[in-house]
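Student:
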Amino acid sequence: MEKINQLSLLRESNTTLRSEAEANSKAAHDLRIKLQKVQSELEPLKERVRVLEAELMAREDHIHRLEGDNKRLKDRTEQILSKVRSIVRVRIATSHVYTSSSIIVWILLRSNPCGTRSHP
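119 is the number that numbering that gives the first Met the number 0 gives the last residue of the sequence shown; the numbers go up by one with no jumps.
As structure tokens, this is what we get:
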């Protein structure tokens, strides 16, 4: 009788384990399908990130070049203005007649449109 009880208990245990194994197998299958779906949705996003990062690098490089060009142009403009100021000072100093246009030019040059400070 005890053997029958043990066999019965073993059968129930076996049935329970098989049921759990099937449930786990189905859950694993469902998770694999879900993972594949998420991965397929993720790939285009990864590609978009790569494209945006490349665009960002290109724009940062472009900005860096523009900043360099801007600095060179400011420096060159300041050099030209400095030479013009020198010429105007000499002409004003050697001229005994101050015309209104020479005074206006002198005032404009002293206002220094480049934003750098000059010393007359």
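For each residue, glycine too, the CB sits at the ideal point set by N, CA and C.
1) Answer with yes or no whether the minimum CB distance from isoleucine 32 to chain B is below 8 angstroms.
2) Determine the direct distance from the alpha carbon of serine 39 to that of serine 24, and round the result to whole angstroms.
3) If you run the structure through DSSP and keep just helix, strand and coil, what is methionine 56?
Tutor: Based on what the coordinates show:
1) The structure shown contains no chain B, having only a single protein chain.
2) Note on geometry: alpha-carbon atoms of serine 24 and serine 39 lie some 23 angstroms from one another.
3) Helix, per DSSP.
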